[in-house]
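Enquirer: Using my numbering, the letters of the sequence shown correspond one by one to residues 1 to 466.
The beta-carbon is built from N, C-alpha and C at its ideal position, and this holds for glycine as well.
Model, not experiment: these values are computed from the prediction.
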Amino acid sequence: MSSLRSRRLDSVFGAELDAVTAEHIQSLVTNGVAETFDLDFKEELYGRSDSAKRDLVGDVAALANTAGGVIVIGVAEDEQARATAAPGVELSDAEKGRMLQIIASGMSPLPAVDVIAVPATEPSDDEDSGSDREDSANAPPVTGYYLVAVARSLAGPHAVIVNDGFRFPKRNGSTTRYLSEPEVAAEYRERFARTASQGDRIKQVEQDLRGRLDTTDMPWLIVSLVPDLPGDLELTHALREEFNREVLRKDVRICVRIGISFMRAHVGRRRLVADGSNSGEAKSRWAAAEFHCDGAGTFGQYVPDLQAHRRPSDDKTRKRQLVSDEGLVLAVMSGLHHLAAHARDRAATAGGALVRATLVPSDGCTLEIGHSRQHFRDSRSSERTTGPVTAETMADIDDLADPGPELIATTARLSDELAQSFGVAELGQVTRQGEFRLRYWGSGQQREVRAWAEAHGIEATNDTLG
């Protein structure tokens, strides 16, 4: 999957970048599409001279320093920068590797770049089968187009290495210019300011959700995500209807189902909102989420209190809550997945994100972490807390949106950091290498965990801690 996500470019091509065909590229000519800040045409392959290599690196850096974009190789343009012909170029794995190597060795720092080959002709049957090497060697080359997709980047400004110095190109409409020294300094200041702003943003989206939660009798695990680069989701009636179909009455938890669903959904200011409450209840119960138009979001879920069944129904003291370690891990995992899927698939953003998990006790309660394996409801805590505990880390949005080892590894980093506030070094259910440890799941859940892990290419071991 391409690192670049752009609804504008999807509209220009008529398909997402990974699905672009030769017909989509030829339609650029038919429609007279012009170069813009995020779209560049090249009729021929970049040459092998030092200046041609610098041209390739400069074009990539200019896109990364602006808003990301695509270089389409194999399309000619006129004096108004409009596509006029699509003759194509010769495609090969060697050429693709050469371009990636030139980019990697000629830029600092390196943004996310994908080179996508779009064939216009197919290899011959002989070449595919390899049955006749002589005929294969004489077969006509595969022709088509290259899409050099450059993701938007927060790591800029990106420099082109020229001898012992650096130059910083940037797109200006359909042309490229170089930043002055004061402009470069301003770019660095903006980079550091964005980092601080991201931390403030994640605290704000979490606080917005916490204000809606019913914390009178249940502990909550809240997961929040803020992308490095914001998306741009337009709220419409059609989107709300689609959101309702996607989330209502669907189990909020992945891997091991819990029977908790979103029962209400509506639109807030620049966000989609859902919770598990019944009609008429003022506060959110069981589960809640806010998915913001910029790709940020926050997801809350009730975490089972293993002591709840031991208290009389009229007991209003609730002095001690024993949070399930398995429930905590599953809530973190589910929240990360739902938030990343929103950021990528609704708000059309990608790349890195700051993620945060916060464990919130019920009003006036002391929290511990425990387990109920082998029917023993035991505490694992050497410390207790009466206030929220928080963990933060960085992760890639695509890695979280598609369940796999990276989702598990990120879950482990957050879950273990939360557990450390209770004197527990590692919870054990998941590892920072992206694996499940079956020994730390209840016997009734191990089969479901193993099946889910196998379906998503995740290793499930019988290893123990230590």
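DSSP on K96, reduced to helix/strand/coil?
Expert: Taking the sequence shown and counting its residues from 1, one reaches residue 96 at position 96. DSSP places K96 in helix when its eight states are reduced to three.
Enquirer: At 3 residues or longer, and completely inside the stretch 175–220: list those beta strand (DSSP E) runs for me, N to C.
Expert: 175–178
Enquirer: Using 8 Å for Cβ pairs, my map puts R550 next to N462. What's the rounded Cβ distance?
Expert: Nothing about residue 550 can be reported from this structure: the residues present for the chain run from 1 to 466 only.
Enquirer: Can V70 and L39 be called in contact, C-beta distance under 9 Å?
Expert: Sequence index remark: in the sequence shown, residue 70 carries index 70 (1-based). Sequence index remark: in the sequence shown, residue 39 carries index 39 (1-based). Their beta carbons are under 9 Å apart, which means V70 touches L39 by this criterion.
Enquirer: Roughly how many angstroms lie between the CA atoms of L418 and G300, to the nearest whole one?
Expert: Walking along the sequence shown from the start, residue 418 turns up at place 418. Walking along the sequence shown from the start, residue 300 turns up at place 300. C-alpha separation (whole angstroms): 15 Å.
Enquirer: Using only CA atoms, which one of R270, F291, H292 and M263 lies nearest to A283?
Expert: Residue mapping note: residue 283 aligns to position 283 of the sequence shown, counting from 1. The residue asked about is misnamed: residue 283 is Lys in this sequence, not Ala. Checked all of R270, F291, H292 and M263; the closest Cα to K283 is M263.
Enquirer: Please return the same chain residues whose Cβ sits closer than 7 Å to the Cβ of E206, not counting the five positions on each side in sequence.
Expert: In the sequence shown, residue 206 corresponds to position 206, counting from 1. The residues are I222, S224, T298, R356 and T358.
Enquirer: Taking C-alpha atoms, which residue in L336, P304 and A296 lies nearest to R285?
Expert: Looking up residue 285 in the sequence shown gives position 285. The candidate whose alpha carbon is nearest that of R285 is P304.
Enquirer: What do you reckon, are the CB atoms on E44 and V115 nearer than 9 Å?
Expert: Numbered from its first residue, the sequence shown carries residue 44 at position 44. Numbered from its first residue, the sequence shown carries residue 115 at position 115. No. Outside cutoff.
Enquirer: According to DSSP, simplified to helix, strand and coil, what is H266?
Expert: Position 266 of the sequence shown holds residue 266. Here H266 sits in strand by DSSP.
Enquirer: State the DSSP-derived secondary structure class of P227, mapped to helix, strand or coil.
Expert: For the purposes of this step, residue 227 is taken as residue 227 along the sequence shown, with counting starting at 1. In this structure, P227 counts as strand in the three-state DSSP scheme.
Enquirer: Under three-state DSSP, which class holds E23?
Expert: By one-based count along the sequence shown, residue 23 stands at place 23. DSSP places E23 in helix when its eight states are reduced to three.
Enquirer: Report whether the distance from the Cβ of F13 to the nearest heavy atom of the ligand PLP is below 8 Å.
Expert: With respect to the ligand PLP, the structure offers nothing, as it holds no ligand at all.
Enquirer: Provide the residue(s) that pair with T298 in DSSP beta bridges, ordered along the chain.
Expert: Numbered from 1 along the sequence shown, position 298 holds the residue referred to as residue 298. The partner list for T298 (beta bridge, DSSP) reads S224 and E290.
Enquirer: Going by DSSP, what residue range makes up the beta strand (DSSP E) through P169?
Expert: The residue given as residue 169 occupies position 169 in the sequence shown. First-last of the beta strand (DSSP E) with P169: P169 to N172.
Enquirer: Residues in the same chain with beta-carbon distance under 6 Å from A159, minus the five sequence neighbours each way, listed in chain order, please.
Expert: Counting from 1 along the sequence shown, the entry for residue 159 is found at position 159. Answer for A159: S108, F166 and F168, listed in chain order.
Enquirer: Comparing the C-beta of T176 with each C-beta of chain D, is any distance below 9 Å?
Expert: Absence of chain D from the displayed structure is noted, only one protein chain being present.
Enquirer: Looking only at C-alpha atoms, which of A401, G434 and Q420 sits nearest to T411?
Expert: Reading the sequence shown from its first residue, position 411 is the one you call residue 411. Considering only alpha carbons, the answer is G434.
Enquirer: Determine, using beta-carbon pairs with one atom in the stretch 70–87 and one in the stretch 19–39, whether at least three such pairs fall under 8 Å.
Expert: yes
Enquirer: Three-state secondary structure (DSSP) at K42?
Expert: Residue 42 sits at position 42 when you count from the first residue of the sequence shown. Three-state result, K42: strand.
Enquirer: Residues in the same chain with beta-carbon distance under 6 Å from I254, minus the five sequence neighbours each way, listed in chain order, please.
Expert: To locate residue 254, count along the sequence shown from 1; it is residue 254. Closer than 6 Å at the Cβ level, and outside the excluded window around I254, lie S334 and H337.
Enquirer: According to DSSP, is D463 part of a helix, a strand, or is it coil?
Expert: Within the sequence shown, residue 463 is the residue found at index 463, counting from 1. Looking at D463 - three-state DSSP - the assignment turns out to be coil, as it is neither helix nor strand.
Enquirer: Which of helix, strand or coil does DSSP assign to K316?
Expert: Within the sequence shown, residue 316 is the residue found at index 316, counting from 1. With a pLDDT of only 49 at K316, under the threshold of 50, the placement of this residue in the model should not be trusted, and no figure is reported.
Enquirer: Skipping 5 residues on each side, what residues in its chain have a beta carbon closer than 6 Å to that of Q445?
Expert: Walking along the sequence shown from the start, residue 445 turns up at place 445. Excluding positions up to five away in sequence, the list reads V256.
Enquirer: Classify G339 as helix, strand or coil using the three-state DSSP reduction.
Expert: On the sequence shown, position 339 is the one that residue 339 refers to. What sits at residue 339 in the sequence shown is Leu, not Gly. Helix, per DSSP.
Enquirer: Shortest alpha-carbon distance to R269 belongs to which of T236, K250 and S51?
Expert: In the sequence shown, the residue the question calls residue 269 occupies position 269. With distances taken between Cα atoms, R269 lies closest to T236.
Enquirer: Going by DSSP, which residues form a beta bridge with M394?
Expert: Locating residue 394 in the sequence shown gives position 394, where the first residue counts as 1. Paired residues: L354.
Enquirer: Residue range of the beta strand (DSSP E) that T236 falls in?
Expert: Numbered from its first residue, the sequence shown carries residue 236 at position 236. That residue, T236, is in no beta strand (DSSP E); it is neither H nor E in DSSP.
Enquirer: Under a three-way DSSP split, which group does G457 fall into?
Expert: As a first step, residue 457 is located in the sequence shown; it is residue number 457 there, counting from the start. Looking at G457 - three-state DSSP - the assignment turns out to be coil, as it is neither helix nor strand.
Enquirer: Rounded C-beta distance between L63 and V150? I'm assuming under 8 Å.
Expert: One-based indexing of the sequence shown puts residue 63 at position 63. One-based indexing of the sequence shown puts residue 150 at position 150. Rounded, the Cβ-Cβ distance is 4 Å, consistent with contact.
Enquirer: Taking the CB atoms as reference points, tell me whether F422 and A460 lie closer together than 9 Å.
Expert: For the purposes of this step, residue 422 is taken as residue 422 along the sequence shown, with counting starting at 1. For the purposes of this step, residue 460 is taken as residue 460 along the sequence shown, with counting starting at 1. Cβ atoms of F422 and A460: not closer than 9 Å.
Enquirer: Taking 9 Å as the cut-off, decide whether the C-beta atoms of A296 and P219 are in contact.
Expert: Residue mapping note: residue 296 aligns to position 296 of the sequence shown, counting from 1. Residue mapping note: residue 219 aligns to position 219 of the sequence shown, counting from 1. No.
Enquirer: Do you know whose CA, among L233, G211, V323 and L330, lies nearest S379's CA?
Expert: For the purposes of this step, residue 379 is identified with residue 379 of the sequence shown, where counting begins at 1. It is V323 whose Cα lies nearest to the Cα of S379.
Enquirer: If you follow the beta strand (DSSP E) that E73 is part of, which residue opens it and which one closes it?
Expert: Taking the sequence shown and counting its residues from 1, the one referred to as residue 73 is at position 73. Before going further, note that residue 73 is Ile rather than Glu in the sequence given. For I73, the uninterrupted beta strand (DSSP E) segment begins and ends at G69 to I73.
Enquirer: Can you look up D251 in the DSSP assignment and give me helix, strand or coil?
Expert: Against the sequence shown, residue 251 aligns to sequence position 251. Three-state DSSP puts D251 in a strand.
Enquirer: Should R152 and G351 be called a contact, given that it needs their Cβ atoms to be closer than 9 Å?
Expert: Your numbering for residue 152 matches position 152 in the sequence shown. Your numbering for residue 351 matches position 351 in the sequence shown. A contact, by the Cβ cut-off of 9 Å.
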